[in-house]
Amino acid sequence: MSTPDQSNKIAQFVQITQATPAEASAVLSAANWDLDSAVTLFFEGKGELDNEQHEQPQASAPVSSASSSTAPSRSQSKSSKRFATLSDLEHSSQAAGGHSDSDDEPEKNWFTGGEKSGLAVHKPNKRDVFASGNKLVEDIIKRSQRQQQDDNSEGESDGEETSHFVGTGHRLGNHEVPSQAINAGPSSSRDRPPRVTRTLTFWRNGFSVEDSPLYRYDDPSNIPHLKAIEQGKAPISILNVEYGQGVDVHVIRKLDEDYAAPKRKVGGFHGHGQRLGSPVPGEKSKSPTPVPEPAVSSSVASESSTPAEPENADAPVQIQLGDGSRHRRRFVGAGPVQQLYDFVDSVSPSQRAYTLQTTFPMKKLEDRDISLKEAGLVGSVVIQRWD
Numbered sequence: 001m002s003t004p005d006q007s008n009k010i011a012q013f014v015q016i017t018q019a020t021p022a023e024a025s026a027v028l029s030a031a032n033w034d035l036d037s038a039v040t041l042f043f044e045g046k047g048e049l050d051n052e053q054h055e056q057p058q059a060s061a062p063v064s065s066a067s068s069s070t071a072p073s074r075s076q077s078k079s080s081k082r083f084a085t086l087s088d089l090e091h092s093s094q095a096a097g098g099h100s101d102s103d104d105e106p107e108k109n110w111f112t113g114g115e116k117s118g119l120a121v122h123k124p125n126k127r128d129v130f131a132s133g134n135k136l137v138e139d140i141i142k143r144s145q146r147q148q149q150d151d152n153s154e155g156e157s158d159g160e161e162t163s164h165f166v167g168t169g170h171r172l173g174n175h176e177v178p179s180q181a182i183n184a185g186p187s188s189s190r191d192r193p194p195r196v197t198r199t200l201t202f203w204r205n206g207f208s209v210e211d212s213p214l215y216r217y218d219d220p221s222n223i224p225h226l227k228a229i230e231q232g233k234a235p236i237s238i239l240n241v242e243y244g245q246g247v248d249v250h251v252i253r254k255l256d257e258d259y260a261a262p263k264r265k266v267g268g269f270h271g272h273g274q275r276l277g278s279p280v281p282g283e284k285s286k287s288p289t290p291v292p293e294p295a296v297s298s299s300v301a302s303e304s305s306t307p308a309e310p311e312n313a314d315a316p317v318q319i320q321l322g323d324g325s326r327h328r329r330r331f332v333g334a335g336p337v338q339q340l341y342d343f344v345d346s347v348s349p350s351q352r353a354y355t356l357q358t359t360f361p362m363k364k365l366e367d368r369d370i371s372l373k374e375a376g377l378v379g380s381v382v383i384q385r386w387d
């Protein structure tokens with residue numbers, strides 16, 4: 001059959017049955033393009049469909065309401081409404097929210113008052129305790145609880161990282177090219193900083209990390225930190241970690257308490273001391289041994305200010321003053337001990353009373369009239385002692 005004839009029959013079929021051109025083409029094709037047979041077939045099929053729609057509610061009457069809501073009938077899917085009314089939207093929202101969590105229920109209002117006046121009272125809700133970060137705080141706490149349950153269910157062996165071989169390889173050569181050693185690149189697992197643990201505490205008016213100051217909920221600059229923690233990311237600025245470093249966050253819930261600054265830890269003294277006296281026995285000193293030349297030079301300087309030795313001086317005597325300086329000088333052996341006191345007074349004009357004495361055996365030189373030879377002081381050492 002030619003195409004103009006088919007188009008003509010499709011137009012006639014649409015005019016008779018008020019069907020769409022596509023439906024008309026399908027039915028005419030099934031009836032071998034016989035217009036009368038196609039019209040009869042169309043109306044017979046429509047009658048069977050109407051009978052099926054009338055019988056469907058009776059057959060589905062014994063089904064419970066739960067099954068009807070979860071498995072809608074075929075007639076409802078075919079004859080669904082094009083426009084949803086407010087009632088349909090209300091029923092659909094109730095059906096969708098039937099299994100929702102109690103925390104996601106909308107806030108309820110209570111009303112009180114008389115016949116002509118009323119007052120709306122909001123139902124108290126735990127989410128009103130916080131300011132802007134309430135939802136994020138709840139999500140972080142729930143996330144930590146789920147993570148703790150997952151960690152308890154998994155074995156400790158599951159958390160161990162697998163080790164990979166890292167070493168040096170060798171490229172085989174031939175008669176012309178010798179073998180070459182290939183060094184392994186840096187291992188990312190070795191360069192990774194160690195995993196750390198941080199304690200995150202939620203207070204009534206904010207949150208804190210370890211011993212940090214309070215991060216308030218009503219501060220907009222702190223909201224991105226909570227969002228990052230809720231997403232499983234570590235804010236480097238507040239957790240004090242490096243980029244790419246693993247961190248375990250322990251969450252402590254103190255929502256019924258205000259932030260309390262941690263007490264300052266009192267530590268002991270930190271410093272270094274000085275050991276008095278000689279160095280430790282057996283320890284070699286790195287500094288060179290001091291040479292007592294400055295003392296000699298000081299004594300020489302002091303001697304230069306004293307009178308010159310007499311020409312007949314024949315008795316050498318070493319005198320150690322109370323300030324530690326030493327003086328070697330020749331005196332007249334037949335002269336009295338008083339010449340030693342005169343010398344000490346000239347080099348050390350101090351007003352303090354003193355006494356000269358020998359070293360061994362210790363004997364005070366109280367008799368100043370006897371000679372040095374009679375006192376046995378020739379070639380000896382005399383010490384100045386303060387009274």
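The opening position of the sequence shown corresponds to residue 1 in UniProt numbering, with each subsequent residue numbered one higher. Ideal Cβ positions, reconstructed from N, Cα and C, are used throughout, including at glycine. Note that the structure is predicted; figures quoted are calculated from it, not measured.
Taking the beta strand (DSSP E) that residue i falls in, what are its first and last residues?
i, result
"residue 358", "354-358"
"residue 182", "180-182"
"residue 383", "381-386"
Note down, in chain order, each residue of its chain lying with its Cβ closer than 8 Å to the Cβ of residue i, except the 5 sequence neighbours on either side.
i, result
"residue 252", "199, 200, 201 and 202"
"residue 14", "20, 21 and 24"
"residue 247", "195, 196, 197, 198, 234, 239 and 241"
"residue 380", "317, 318, 358 and 359"
"residue 224", "235"
"residue 256", "204"
"residue 388", "The structure shown does not extend to residue 388, since the chain is modelled only from 1 to 387, so the question has no answer here."
"residue 258", "203, 204 and 205"
"residue 228", "234 and 235"
Please list the terminal residues of the continuous alpha helix (DSSP H) segment that includes residue i.
i, result
"residue 345", "338-347"
"residue 224", "223-230"
"residue 21", "21-30"
"residue 237", "236-239"
"residue 375", "372-375"
Tell me, to the nearest whole angstrom, how far the beta carbon of residue i is from that of residue j; I am working on the premise that it is less than 8 Å.
i, j, result
"residue 37", "residue 31", "4 Å"
"residue 382", "residue 356", "5 Å"
"residue 12", "residue 35", "6 Å"
"residue 375", "residue 344", "The Cβ separation is near 16 Å, so there is no contact."
Looking only at its chain, what residues have a beta carbon closer than 7 Å to the beta carbon of residue i, apart from the 5 residues adjacent to it on each side?
i, result
"residue 354", "322, 384, 385, 386 and 387"
"residue 10", "21, 24, 25 and 28"
"residue 230", "136, 139, 140 and 143"
"residue 181", "168 and 170"
"residue 363", "357"
"residue 82", "Because residue 82 sits at a pLDDT of 41, beneath the cut-off of 50, its placement in the model cannot be relied upon, and the following sentence gives the value as read from the coordinates. None."
According to DSSP, what are the bridge partners of residue i?
i, result
"residue 207", "202 and 215"
"residue 319", "327 and 382"
"residue 171", "180"
"residue 252", "201"
"residue 14", "Partner(s): none; residue 14 has no beta bridge."
"residue 39", "Note: residue 39 sits in no beta bridge, so no partner."
"residue 196", "247"
"residue 364", "357"
Using CA coordinates, which residue listed in the options is at the minimum distance from residue i?
i, options, result
"residue 208", "220, 254 and 8", "254"
"residue 226", "138, 213 and 168", "138"
"residue 261", "206, 232 and 274", "206"
"residue 335", "311, 175, 39 and 264", "311"
"residue 401", "220, 8, 308 and 326", "Residue 401 is absent from the structure shown; the chain starts at 1 and stops at 387."
"residue 368", "16, 264 and 342", "342"
"residue 211", "324, 174 and 264", "264"
"residue 330", "324, 308 and 351", "308"
"residue 16", "146, 43 and 346", "43"
"residue 145", "249, 174, 179 and 351", "249"
Tell me which same chain residues have a C-beta within less than 6 Å of the C-beta of residue i, skipping the five on either side of it?
i, result
"residue 333", "314, 315, 372, 373 and 378"
"residue 5", "none"
"residue 328", "318"
"residue 222", "215"
"residue 193", "242 and 245"
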